[in-house]
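Trainee:
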Amino acid sequence: MKHYLLPVLVLAILSCNSNKNPVSAEERTENIVSSPAENEQASSAEIIGQWKRTAAGKDANKNRILDENEKMPLEPGAHENLDFYKDKKCKVYGMGMELEATYAVKNDKGKKEIFIYVKGEAPDDQSAMKFEIVSAEPNKLVLVPPIYEFMLAAYTKVK
Numbered sequence: 039m040k041h042y043l044l045p046v047l048v049l050a051i052l053s054c055n056s057n058k059n060p061v062s063a064e065e066r067t068e069n070i071v072s073s074p075a076e077n078e079q080a081s082s083a084e085i086i087g088q089w090k091r092t093a094a095g096k097d098a099n100k101n102r103i104l105d106e107n108e109k110m111p112l113e114p115g116a117h118e119n120l121d122f123y124k125d126k127k128c129k130v131y132g133m134g135m136e137l138e139a140t141y142a143v144k145n146d147k148g149k150k151e152i153f154i155y156v157k158g159e160a161p162d163d164q165s166a167m168k169f170e171i172v173s174a175e176p177n178k179l180v181l182v183p184p185i186y187e188f189m190l191a192a193y194t195k196v197k
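Residues 39 to 197, numbered by the numbering used here, are exactly what the sequence shown covers, in order.
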């Protein structure tokens, strides 16, 4: 009789717990993680528009915020203007340079980044120009520019 007691207890405990917190089908679908393509669409939507660099500086205290005392005088640079279009095309220009390209917003090693692929070349993540997105608001974008991991660049939406 002792041999049958343990399985009966386990079944009784499991049946009591199974009805404790019933979850509706609607609640279960809310917890489904969206696909990478859906994530990219949502992320891309927040950067679509024409952006003008309005501030830049070294993030000396590494708090990922461009504090007033960290801002440097703006000098002309290659990444002065960024235009991102809905069709995944973009334009990066400033200081006499104009680059037409395509882009994708991806999570790379836990960081949300804009990958810019030069027009006419095969999209290759290794050779892409990458901007890390620090923050994205409707009219303000803060990025870590390519190569300069210690810098922050703030952009204001022009259109």
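No residue lacks a Cβ here, since even glycine has one placed at the ideal position from N, Cα and C.
(1) Does chain D have any CB closer than 8 Å to the CB of TYR141?
(2) Grab me the residues of TRP89's own chain with a C-beta within less than 8 Å of its C-beta, minus the 5 sequence neighbours each way, in chain order.
(3) Under 7 Å: does the beta carbon of LYS127 sit that close to some heavy atom of the ligand PLP?
(4) Please name the residue, chosen from ASP146, ILE152, VAL172, that lies closest to ILE103 on a Cα-to-Cα basis.
(5) Rounded to whole angstroms, what is the Cα-Cα separation between ASN99 and LYS109?
(6) Mapping DSSP to helix, strand and coil, what is ASN119?
(7) On the DSSP bridge list, what partners appear for ARG91?
(8) With burial defined as no fewer than 16 other Cβ atoms inside 10 Å of the residue's Cβ, what is the status of TYR155: buried or exposed?
(9) Bridge partners for ASN145 per DSSP, in chain order?
(10) Is DSSP giving SER82 helix, strand or coil here?
Mentor: Let's see:
(1) Looking for chain D here will not work: only one protein chain is present.
(2) As a working mapping, residue 89 is identified with position 51 in the sequence shown. Non-local C-beta neighbours of TRP89 in its own chain, meaning closer than 8 Å and more than five positions away in sequence, comprise ASN119, LEU120, ASP121, PHE122, LEU179, TYR193, THR194, LYS195, VAL196, ordered along the chain.
(3) This structure does not include the ligand PLP; it has no bound ligands of any sort.
(4) Numbered from 1 along the sequence shown, position 65 holds the residue referred to as residue 103. Nearest C-alpha to ILE103: VAL172.
(5) Counting from one through the sequence shown, the residue named residue 99 turns up at place 61. Counting from one through the sequence shown, the residue named residue 109 turns up at place 71. As the crow flies, the alpha-carbon of ASN99 is around 12 Å from that of LYS109.
(6) The count along the sequence shown starts at 1 and reaches residue 119 at position 81. In the three-state reduction of the DSSP assignment, ASN119 falls in the strand class.
(7) The sequence position of residue 91 within the sequence shown is 53, counting from 1. Paired residue(s): TYR193.
(8) As a first step, residue 155 is located in the sequence shown; it is residue number 117 there, counting from the start. Around the Cβ of TYR155, a 10 Å sphere holds 16 or more other Cβ atoms; the residue is buried.
(9) Residue mapping note: residue 145 aligns to position 107 of the sequence shown, counting from 1. In DSSP, ASN145 forms a bridge with LYS150.
(10) Sequence index remark: in the sequence shown, residue 82 carries index 44 (1-based). In the structure shown, SER82 sits in a helix (DSSP, three-state: H, G or I).
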